[in-house]
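Engineer: Reminder that position 70 of the sequence shown reads as 819 in my numbering, one-by-one numbering, no gaps. Glycine included, each C-beta is placed from N, C-alpha and C at the ideal position. Since the structure is predicted, the reported quantities are computational estimates derived from the model, not experimental observations.
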Amino acid sequence: MIQFNQISMRFGGMVAINNCSFDIPGGQITGLIGPNGAGKTTAFNIIAGHLIPSAGQVLFDDKDITRMPSHKRQALGMSRTFQLAHEFGRMSVLENLMVAASNPAGESILNAIFRPKRGQEAEHQAYNDAMETLRFLEISNLQDEFAANLSGGQKKLLELGRALMQKPRIILLDEIGAGVNRTLLGKIADKIDQLNKTSGYTFCLIEHDLDYVSRLCDSVVVLAQGELLMKGTVDEVRNDQRVIEAYFGGGKYEDYA
Ligand SMILES: Nc1ncnc2c1ncn2[C@@H]1O[C@H](COP(=O)(O)OP(=O)(O)OP(=O)(O)O)[C@@H](O)[C@H]1O
Ligand SMILES: [Mg+2]
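Okay, structure coming up:
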């Protein structure tokens, strides 16, 4: 679905990504892993349209989207979460979901003036979608809470919910599990699995916890210092000496797990 094709990204003199290529196949869950500073978030920013690479192309369903603005990529069915959740703290959980809808009410001032009914319909649809998302994520009890009052883990669930409100085909998850306790982490994994297996969503997820990655991912892409280190199944990656070196400076994964 996504082809990340010979991408390089320079920030001034610093090379964050160096001639790196990998695919995100449709219908699968792909893991993107690597040590801190490897370039994972930068890769997501390039795929989602928040950065234009210094070289290379991003293809979405074989279409070149390298310079397409992020809102147009969203309209094509791409959605993402951010490493640092960016909810609106002084809005309720329900409102946070509604404003993330793909077709928010009152989108155009002209529509609001000349076609008020259309705005009302869109708002009604966004409300229904938001209520369904709350039920799906099992956080209906939080709907009227200010987002600022949520716990770290609950904010991650809201972040996933905001991505779902755009009714995407592919979701890029940047460390949705970081700092989340085991129970909630398991729940988030179940939701991702369910969305993939029963609704056909494609996922690419950045995560540091290899057990979590191995539970969810069909295949894994490993970045290190801005370069593609390898790609393969979770087991291939776990046992690869280069990956072990990059992560742990030697030894075996089991020694550190
Ligand atoms: N906007 C920017 N300006 C300058 N340098 C940047 C910018 N964004 C990222 N970098 C640099 O690019 C490199 C890769 O950063 P990136 O955030 O992609 O790493 P990461 O793999 O997501 O790491 P982590 O696991 O810590 O989140 C880092 O050295 C970072 O300092
Ligand atoms: Mg990152």
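Taking just the CA atoms, how far does G975 sit from G818?
Structural biologist: Checking the sequence, you will find Pro at residue 818 rather than Gly. Straight-line Cα distance between these residues: approximately 23 Å.
Engineer: If you measure from the CB of I955, is any heavy atom of ligand 2 nearer than 7 Å?
Structural biologist: I955 Cβ: within cutoff of ligand 2.
Engineer: Work out the CA separation of D923 and M827 for me, nearest whole Å.
Structural biologist: Distance between the alpha carbons of M827 and D923: 14 Å.
Engineer: Buried or exposed for R779, please, with buried defined as at least 16 other CB atoms from any protein chain shown within 10 angstroms of its CB.
Structural biologist: It is worth fixing the name first, because residue 779 is Thr in this sequence and not Arg. Answer is buried; the Cβ neighbour count reaches 16.
Engineer: Determine the direct distance from the alpha carbon of I814 to that of T790, and round the result to whole angstroms.
Structural biologist: Their backbone Cα atoms lie some 18 Å apart in a straight line.
Engineer: Note the first and the last residue of the continuous beta strand (DSSP E) segment covering L800.
Structural biologist: First-last for L800: undefined, no H or E at that position.
Engineer: In this structure, does DSSP put A787 in helix, strand or coil?
Structural biologist: DSSP places A787 in coil when its eight states are reduced to three.
Engineer: Classify K905 as buried or exposed, calling it buried when 16 or more other Cβ atoms lie within 10 Å of its own Cβ.
Structural biologist: With 16 or more Cβ atoms within 10 Å of its Cβ, K905 is classed as buried.
Engineer: Once the 5 residues before and after F831 are set aside, which same chain residues still bring their CB inside 8 Å of it?
Structural biologist: Excluding residues within five positions, the ones whose Cβ falls inside 8 Å are E908 and D923.
Engineer: At a threshold of 7 Å, does M812 count as lining ligand 2 (C-beta to nearest heavy atom)?
Structural biologist: Rather than Met, the amino acid found at residue 812 in this sequence is Lys. Not under cutoff, so the answer is no.
Engineer: Would you report the Cα separation of M750 and D811, rounded to the nearest angstrom?
Structural biologist: Distance between the alpha carbons of M750 and D811: 7 Å.
Engineer: Use the C-beta contact count for T947: other C-beta atoms within 10 angstroms, 16 or more gives buried, fewer gives exposed.
Structural biologist: Exposed, because fewer than 16 other Cβ atoms sit within 10 Å of the Cβ of T947.
Engineer: Buried or exposed, going by whether 16 or more other CB atoms sit within 10 Å of the CB of M763?
Structural biologist: Under this definition M763 is an exposed residue.
Engineer: What is the DSSP secondary structure of N930, counted as helix, strand or coil?
Structural biologist: Reduced to three states, the DSSP call for N930 is coil.
Engineer: Who's in the neighbourhood of ligand 1, going by beta-carbon under 5 Å from any heavy atom, listed in chain order?
Structural biologist: Any residue whose Cβ sits closer than 5 Å to a heavy atom of ligand 1 makes the list: F760, A765, N785, G786, A787, G788, K789, T790 and T791.
Engineer: Does the Cβ of A897 have 16 or more other Cβ atoms within 10 Å, making it buried, or fewer, making it exposed?
Structural biologist: Its Cβ having fewer than 16 others within 10 Å, A897 is exposed.
Engineer: At the level of alpha carbons, what is the spacing between Y961 and I801?
Structural biologist: For Y961 and I801, the distance between alpha carbons rounds to 30 Å.
Engineer: Evaluate N845 with the Cβ neighbour count: other Cβ atoms within 10 Å of its Cβ, from every protein chain shown; 16 or more gives buried, anything less gives exposed.
Structural biologist: N845 comes out buried.
Engineer: Could you give the distance in angstroms between the alpha-carbon of N988 and the alpha-carbon of G783?
Structural biologist: The straight-line gap from Cα to Cα measures roughly 14 Å.
Engineer: With hydrogens ignored, establish whether the beta-carbon of D923 is closer than 7 Å to any heavy atom of ligand 2.
Structural biologist: Yes - ligand 2 has a heavy atom lying nearer than 7 Å to the Cβ of D923.
Engineer: Would you mind stating whether A804 and S851 have Cβ atoms separated by less than 8 Å?
Structural biologist: Cβ atoms of A804 and S851: not closer than 8 Å.
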